[in-house]
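Quick notes on the structure that follows.
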Amino acid sequence: MYDILIVDDSRAMRNFLRRSLAMTDLDIGTVHEANNGQEALTLLGEHPVSLIFSDINMPVMDGAAFITELSRRELTRKIPVVVVSSDSSLERLHQVLGLGARSYLPKPFSPEMLEREVSRLLDPECDEALEGVAG
Amino acid sequence: MNQQEIHDFEVAHAKLPAQTIREAMADALRNVLETMFFAEVTPVEEGEFAYADGALACMVECRGAHRGSFGVVVDRAAHELLCAGFYGEDESDVTSRQMEDLICELTNMLAGAALGLFSPEHLCVLSSPEVCSAEGAGSAVAGEELSRCTVALDGGHLTLWCSLRGDA
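Chains as they are written, first to last, in numbering that gives the first Met the number 0: chain W, 0 to 134; chain X, 0 to 167.
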């Protein structure tokens with residue numbers, strides 16, 4: 000069972016991600032939410048997770064600072080981070096991957112696109128099966 | 000993303016045809032509303048409609064490679080249906096807080112998607128979206144180039160406007 004952390008200052012987006020995760024066939028456990036990177040770091044100290052979704056533009060601690068801090072900490076550096084952002088520029092893509100994010104999901108995205116990305120990061124065998132079905 | 004997917008992303012960007020800001024806005028409206036709101040959209044010419052009382056509006060500032068602002072105006076009934084699609088709830092169960100949250104998220108998504116199509120190579124930073132008055136939203140400002148793009152949805156209309164500074 001995979002516990003997930005969603006870091007986004009938009010309640011609407013957190014809700015959409017939570018709902019999209021619930022629609023997948025993945026074995027999703029507890030879905031935690033944080034408003035910003037600072038809240039997320041505090042939460043991670045008490046609740047380890049398998050995957051993190053993070054926005055970029057957030058108050059208090061933005062996504063870039065959050066990902067940088069995750070990569071500095073022994074307990075969190077291996078948690079895959081998927082950046083979810085409305086910014087789809089190449090410059091942003093290279094920036095977040097350079098900081099250590101494992102994936103980049105530009106908006107708009109469908110629940111199916113999200114499932115494929117989560118599968119690839121959490122369950123490579125499932126991802127191969129999906130690719131086989133897709134042909 | 001693995002290396003192949005990063006490469007594919009870059010190739011896809013390189014193949015994007017040069018778009019005017021208005022073309023980018025029209026594509027952004029269709030992509031965002033169909034993909035994440037499960038809505039059917041029909042382009043509408045300016046002047047063929049008027050917003051009723053109760054319309055909602057929101058705007059966001061943009062800085063970086065392009066400077067100016069983007070905004071959304073939407074009929075209340077249409078927005079209630081968009082909320083229902085996005086949250087997966089019956090429209091009668093959607094709260095006013097959810098409606099306000101969502102018009103901010105929608106404005107952010109539309110601005111980001113339009114900029115990504117208009118200027119895919121360059122980084123632009125968007126401010127936090129702010130709900131504003133629908134009256135006069137998207138009016139021309141001296142020194143800025145105003146573009147507007149409107150679609151018809153179930154329940155009413157939605158306009159995305161953009162005002163970029165001439166020196167951007």
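C-beta: ideal position from N, C-alpha, C; glycine also.
What residues in its chain sit with their C-beta under 7 Å from that of residue i, if we drop five residues either side in the sequence?
| i | result |
| --- | --- |
| residue 19 of chain X | none |
| residue 122 of chain X | 63, 64 |
| residue 39 of chain W | 4, 6, 33, 65 |
| residue 54 of chain X | 72, 73, 74, 75, 133 |
| residue 42 of chain X | 25, 150 |
| residue 99 of chain X | 130 |
| residue 28 of chain W | 0, 1, 2 |
| residue 83 of chain X | 89, 90, 93 |
Grouping DSSP H, G and I as helix and E and B as strand, with all else coil, what is residue i?
| i | result |
| --- | --- |
| residue 46 of chain W | coil |
| residue 126 of chain X | coil |
| residue 52 of chain W | strand |
| residue 59 of chain W | coil |
| residue 110 of chain W | helix |
| residue 56 of chain X | strand |
| residue 149 of chain X | strand |
| residue 239 of chain X | Here chain X has residues from 0 to 167 only, and residue 239 of chain X is not among them. |
| residue 74 of chain W | coil |
| residue 156 of chain X | strand |
| residue 41 of chain X | strand |
| residue 84 of chain W | strand |
| residue 96 of chain W | helix |
| residue 132 of chain X | coil |
In the DSSP output, which residue or residues are listed as bridge partners for residue i?
| i | result |
| --- | --- |
| residue 67 of chain X | X:61, X:163 |
| residue 17 of chain W | DSSP output for residue 17 of chain W lists no bridge partner at all. |
| residue 32 of chain W | W:5 |
CB-CB under 8 Å to residue i, same chain, minus the five flanking residues each way: which ones, in chain order?
| i | result |
| --- | --- |
| residue 118 of chain X | 64, 65 |
| residue 70 of chain W | 76, 98, 99 |
| residue 9 of chain W | 54 |
| residue 79 of chain X | 90, 93, 98, 154 |
By alpha-carbon positions, which one of the options ends up nearest to residue i?
| i | options | result |
| --- | --- | --- |
| residue 132 of chain X | X:73, X:96, X:125, X:25 | X:73 |
| residue 104 of chain X | X:52, X:126, X:116, X:67 | X:126 |
| residue 156 of chain X | X:21, X:22, X:56, X:34 | X:56 |
| residue 68 of chain X | X:106, X:96, X:46, X:88 | X:106 |
| residue 19 of chain W | X:154, X:101, X:115, X:87 | X:87 |
| residue 154 of chain X | X:51, X:27, X:58, X:135 | X:51 |
| residue 81 of chain X | X:162, X:163, X:29, X:36 | X:36 |
| residue 22 of chain W | W:120, W:78, W:110 | W:110 |
| residue 40 of chain X | X:48, X:28, X:102 | X:28 |
| residue 33 of chain X | X:135, X:22, X:85 | X:85 |
* Asked: Can we say the region 59-73 of chain W touches the region 79-95 of chain X, given the rule of at least three CB pairs closer than 8 Å?
  -> No, because fewer than three Cβ pairs between the region 59-73 of chain W and the region 79-95 of chain X fall closer than 8 Å, the two stretches do not touch.
* Asked: Would the region 45-57 of chain W and the region 81-89 of chain W be scored as touching if the rule is three or more Cβ pairs under 8 Å?
  -> By the criterion of at least three beta-carbon pairs nearer than 8 Å, the region 45-57 of chain W is in contact with the region 81-89 of chain W.
* Taking one C-beta from the region 96-113 of chain X and one from the region 101-116 of chain W each time, how about it: are there three or more such pairs within less than 8 Å? -> Cβ pair count under 8 Å is three or more, so yes.
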